[in-house]
Amino acid sequence: QLETSVWNAGEAAVTLDGIEVGAPAGWKVERLDPVSSSVPTGSLATRRFAVTVAADAPRSQAYFLRRPLTGALYDWTGVPAAWRGLPFEPPPVQMTVRLTIAGQPLSLSRDVVYRYRDQRIGEVRRPLFVTRPFDVAVTPELVVWPVDGAAGGLRHFTITVTNRMRGPAVAQIAVTTPPGWTTLRPDSLSFEREDEAKSLAITVAPPAAVRPGVYQLKAAVLGGAGQRSDGALVLIDYPHIRPRAVVHTSTAELRAVRISLPALTRVGYVRGASDRVPEALQAVGVPIELLGPDTLARGDLSRYDAIVIGSRAYETEPALVASNGRLLDYVRGGGLVIVQYQQYPFVNGGFAPYHLSIARPHDRVTDETAGVTVLDAASRAFHVPNEIGPDDWRGWVQERGLYFAHDWDPAYTPLLEMHDPGEPPLQGALLEAAVGKGTYVYTGLSFFRQLPAGVPGGYRLFANLLALGRK
């Protein structure tokens, strides 16, 4: 139900001549009150309308996101010409009020918004969003599935369904898997109220043999007068901007990739800033154990086959800074430390075992397709357990890397060379050094982007780095 009010705060005579509700085709608009009337000075005239959303109305979605991207370009083919170039499309419902004030006609148009009172901040006005009877989400959205001719193993997914209808509802779950893949197909979920959410777990098993490639698992529900709902409307909502809606698909991508892992018992990991690499490594079978302050300060580090330092961890984890001496002792005793990109506090603090510096501005390769040259073809980093070749540098996202080492002690061996078009070659993306009985690696390669994005070459190369410590 919609309400619009006209307040006559002046002394002139005001006549309410008419109100038009602009809504998309297929929506039903019904007047609940007579419209035409006079509005005396100091009075408020309120008129109500009942609006019914069309059963097949699409979810609210920015016009430039309604079609898949073409490469890195938005495609708004088919949208009204008047929308093109606008930051967002017009709201779904608008009202136009026609008035006569002191004998002069006047028309005012206003967006229809949801208005309510918040006891903390006062009146709140929010845009209208159109959703489906149910929102459906699948997590995780991306799974990298190691295969070597025979996949084996199971993967677990969570399907979350939110009831967007008023009152009780029943949702029939439908899960679609690639041919030959099997899963338990749950029957239904019951809801007692609007906005109630429930989750269920499903297990997916691959066929006996899986070819490398990209596969999809899709979830949907049937309910709400037989309507099919998939995907979920997600709000981008911050105090300083008007809320906006984005539709996420209820699809999980399964990337079957040939990855061989070294024989590892335990890999320690110090999480960096906004770091999702530990979960990405765990998902393909790397036995990750997150290292907290107590372990860094007093734990037995020799238990670990390797210790990985997350991006910018020297800025976000004070215990790592305080315990860096213990980390270097671990390397000297035969351990393997892999340090992902760090910023200037790392080099200024002298935390590496030998001198290395980072330029200002820092060396980086922003072209994710930039050519890569192997400088030390004999290095085990490119052969064990995965043979690294040109295909492993394809499909990288956003960049090759950043905060490369700029100059370094001769104890380090540079393993790769790369550069952006028109820029000089850079050799500081991946350095390896022997430290006592162990191995120390510094890398500016953006594994923190590649692994969460499911880039096969990123996984294969990182697995090889983890193998550098094996005798």
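When we follow our numbering, the leftmost residue of the sequence shown carries the number 312, and every step to the right adds one. The C-beta atom is built at its ideal place from N, Cα and C for all residues, glycine as well.
- beta strand (DSSP E) runs wholly inside the stretch 519-567, at least 3 long, in chain order: List check, beta strand (DSSP E) in window: 524-534, 538-540, 543-547, 555-559.
- Query: Looking at C-beta atoms only, is the number of pairs between the stretch 473-489 and the stretch 418-437 that lie closer than 8 Å three or more?
  - Reply: no
- Taking only the alpha-carbon atoms, compute the straight-line gap between L520 and P490 and give it to the nearest angstrom. First, the residue type needs correcting, since residue 520 is Ala and not Leu in the sequence shown. Their backbone Cα atoms lie some 12 Å apart in a straight line.
- Item | Own chain, CB closer than 8 Å to T388, minus 5 neighbours either side, in chain order | R378
- If we ignore side chains and look at the alpha-carbon of each, how far apart do T560 and L601 end up? 31 Å
- Item | Q538 versus L511, A336, P444, S622, residue with shortest Cα-Cα distance | P444
- Query: So, does the CB of E341 fall closer than 8 Å to a CB anywhere in chain B?
  - Reply: Absent from the structure: chain B. Only one protein chain is present.
- Own chain partners of T514 with C-beta closer than 7 Å, once the 5 adjacent residues on each side are dropped: These residues qualify, in order along the chain: L465, H467, T494, L495.
- Tell me R428's beta-bridge partners as DSSP assigns them. In the DSSP output, where bridge partners are listed per residue, R428 has E434.
- Item | Where D611 falls: helix, strand or coil (DSSP) | coil
- When burial is assigned at 16 or more other CB atoms within 10 Å of the CB, is T381 buried or exposed? exposed
- In whole angstroms, what is the alpha-carbon distance linking A670 and D548? About 38 Å.
- Query: Is the Cβ-Cβ distance between W338 and V362 less than 8 Å?
  - Reply: Result yes, Cβ atoms of W338 and V362 sit closer than 8 Å.
- Task: Excluding the 5 residues preceding and the 5 following T469 in the sequence, name in chain order all residues of the same chain whose CB lies nearer than 6 Å to its CB.
- Result: Only T450, S510, A512 meet the Cβ criterion.
- Query: In terms of residue numbering, what span does the beta strand (DSSP E) encompassing V829 cover?
  - Reply: In this structure the chain extends from 312 to 782, so residue 829 is not present and cannot be described.
- Can V472 and A516 be called in contact, C-beta distance under 8 Å? no
- Can you give the Cα-Cα distance for E331 and P438, rounded to whole angstroms? 19 Å
- What's the gap between the Cα of S668 and the Cα of H717? So the alpha carbons of these two residues sit roughly 6 Å apart.
- Message: Which runs of the alpha helix (DSSP H) at least 4 residues long sit entirely within the stretch 609-667? Give them in chain order.
- Response: 624-627, 629-633, 635-643, 655-659
- Message: Quick check on this structure: which residue in V558, Y655, L575, V658 has the alpha carbon closest to the alpha carbon of L647?
- Response: Among V558, Y655, L575, V658, the Cα nearest to that of L647 is on L575.
- Item | Residue range of the unbroken alpha helix (DSSP H) whose run includes A591 | Per DSSP, the continuous alpha helix (DSSP H) segment holding A591 begins and ends at 588-594.
- Query: Would the stretch 575-593 and the stretch 607-625 be scored as touching if the rule is three or more Cβ pairs under 8 Å?
  - Reply: yes
- Message: Between which residues of its own chain and V340 is the CB-CB distance below 7 Å, once the five residues before and five after are set aside?
- Response: Answer for V340: V332, A334, F360, V362, listed in chain order.
- Cβ contact (3+ pairs, closer than 8 Å) linking the stretch 316-323 and the stretch 340-354: yes
- Task: Classify W719 as helix, strand or coil using the three-state DSSP reduction.
- Result: In the structure shown, the three-state DSSP call for W719 is strand.
- Item | Short Cβ contact (8 Å threshold) for P696 with A764 | no
- What whole-angstrom Cβ distance do V746 and L776 have, given they're in contact under 8 Å? The pair is not a contact, with the Cβ atoms about 15 Å apart (cut-off 8 Å).
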